[in-house]
Amino acid sequence: MFRFTSPPMPHHITCGEDTYAPGARHAERASIGVFDLLIVTKGCLYMEEEGMVLTVPAGHYAFLRPDRFHRSRIPCTEETHFYWLHFQTLGSWGEVNEQVPFTPPVSNEPYMQIETFVYHIPRSGELRTPETVYSWMRQLIALRQDPSAASSFRQQGIFLELLLQLQEEGGEAARDAHLAVADEAAAFLRLHYREPLSYKELSERLHFHANYIALCMKKAFGCTPLEYLTRYRIERAKYLLIHTNEPIGTIAEETGFLTFPYFVRCFGKHTGTRPKAFRQRYR
């Protein structure tokens, strides 16, 4: 499966559709620099990517990497219709055998939030709602005829809906229980970051043992729940320091820090500067 880190989100470049007669082959290409998504509606494509066999029958999809050689393994044995879509990402990506832990990047940028996330999309698979996907592809092709900025904006929106659909469909069967618990814990911490929180309360709210929750978050985010909570509180404090005139002591209280000295100490550890100096620098 592919593992993408966002933001930035992958972006749609172009798309189209083709119909191959029996005996036809997909073009041979090497390192084309874009991902190639193939969605077959009729017949079957028999693809190969540097030794990896990708058989794509009707109602299925497959991704081809931007940095490898691909071609038809054998010709089509029947009339085959498929949609194709090229996209690329400026974010990091890789190919993994399983969903792997994610460690958020460390940055001193004032507007950097910890909203960076990863998602996994299977290399190939069956479409659970093929007609929905086909409809999106028809819309994308139609929008390609309009060169306006509004059309380009709509194309990106539809493309992201398509990626989300493939991610959710592929993730349901292979979803790691550890990541599900970590996501639930992170959502709870973000929602209640202003409140005093403990491992005991987190355990009672999520109905899992505190040690198990910590293990899950360590695997998913590379940190414990309290470390995650502290980072999130710091990011909220950075936002308030830049965008409001509230006293620093008030900001410390509003972001869940019990005492002003503790807030200053945590802020300095995570940003390398004191709250007042941070506000003066970025206001």
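Residue numbers (the numbering used here): 122 to 404.
No residue lacks a Cβ here, since even glycine has one placed at the ideal position from N, Cα and C.
Hey, out of the options, whose CA is closest to residue i's CA?
i, options, result
"residue 191", "282, 300, 155 and 278", "155"
"residue 256", "138, 389, 333 and 383", "138"
"residue 143", "197, 327 and 334", "197"
"residue 299", "322, 332, 274 and 275", "332"
"residue 363", "336, 385, 399 and 212", "399"
"residue 135", "308, 259 and 301", "259"
"residue 151", "285, 312, 188 and 267", "188"
"residue 275", "287, 262 and 286", "262"
"residue 186", "215, 166, 282 and 326", "215"
"residue 199", "166, 183, 172 and 213", "166"
"residue 285", "312, 267, 268 and 253", "253"
"residue 208", "169, 249 and 281", "281"
Quick one: is residue i buried, meaning 16 or more other Cβ sit within 10 Å of its Cβ, or exposed?
i, result
"residue 140", "exposed"
"residue 396", "buried"
"residue 328", "exposed"
"residue 294", "With a pLDDT of 44 at residue 294, under the threshold of 50, the predicted position of this residue should be treated as unreliable, though the coordinate-derived value follows. So residue 294 counts as exposed."
"residue 271", "exposed"
"residue 131", "buried"
"residue 157", "buried"
"residue 269", "exposed"
"residue 403", "exposed"
"residue 148", "exposed"
"residue 177", "buried"
Going by DSSP, what residue range makes up the beta strand (DSSP E) through residue i?
i, result
"residue 266", "Residue 266 -> no beta strand (DSSP E), and no H or E assigned at all."
"residue 403", "Counting along the chain, residue 403 falls outside any beta strand (DSSP E), though it belongs to the alpha helix (DSSP H) covering 396-403."
"residue 215", "214-216"
"residue 201", "201-209"
"residue 165", "165-170"
"residue 370", "Careful: residue 370 lies outside any beta strand (DSSP E), inside the alpha helix (DSSP H) at 369-375."
"residue 246", "245-247"
"residue 124", "123-127"
"residue 242", "238-242"
Using a Cβ-Cβ cutoff of less than 7 Å, which residues in the same chain neighbour residue i once the five nearest sequence positions on both sides are dropped?
i, result
"residue 381", "370 and 373"
"residue 239", "124, 125, 126 and 223"
"residue 174", "194"
Taking the alpha helix (DSSP H) that residue i falls in, what are its first and last residues?
i, result
"residue 70", "Absent from the structure is residue 70, since the part of the chain shown begins at 122 and ends at 404."
"residue 389", "381-392"
"residue 346", "346-364"
"residue 322", "320-327"
"residue 337", "331-342"
"residue 142", "Taken as a continuous stretch (DSSP letters only), residue 142 belongs to no alpha helix (DSSP H), as it is neither H nor E."
"residue 179", "Residue 179 -> no alpha helix (DSSP H), and no H or E assigned at all."
Less than 6 Å between C-beta atoms, sequence neighbours within five positions excluded: which residues of the same chain meet that for residue i?
i, result
"residue 357", "376"
"residue 391", "355"
"residue 337", "299, 302 and 303"
"residue 211", "129"
Counting only the same chain and skipping the five closest in sequence on each side, list residues whose C-beta sits under 8 Å from that of residue i.
i, result
"residue 330", "324"
"residue 350", "310, 314, 318 and 377"
Note to self: Tell me whether the region 336-353 and the region 310-326 touch, counting them as touching only if at least three CB pairs, one residue from each stretch, are closer than 8 Å.
What the structure shows: yes
query: Counting Cβ pairs, one atom from each stretch, are 3 or more of them under 8 Å apart for the region 239-249 and the region 123-132?
result: yes
Checklist entry - Hey, is the region 161-174 in contact with the region 198-206, meaning 3+ C-beta pairs nearer than 8 Å? => result yes
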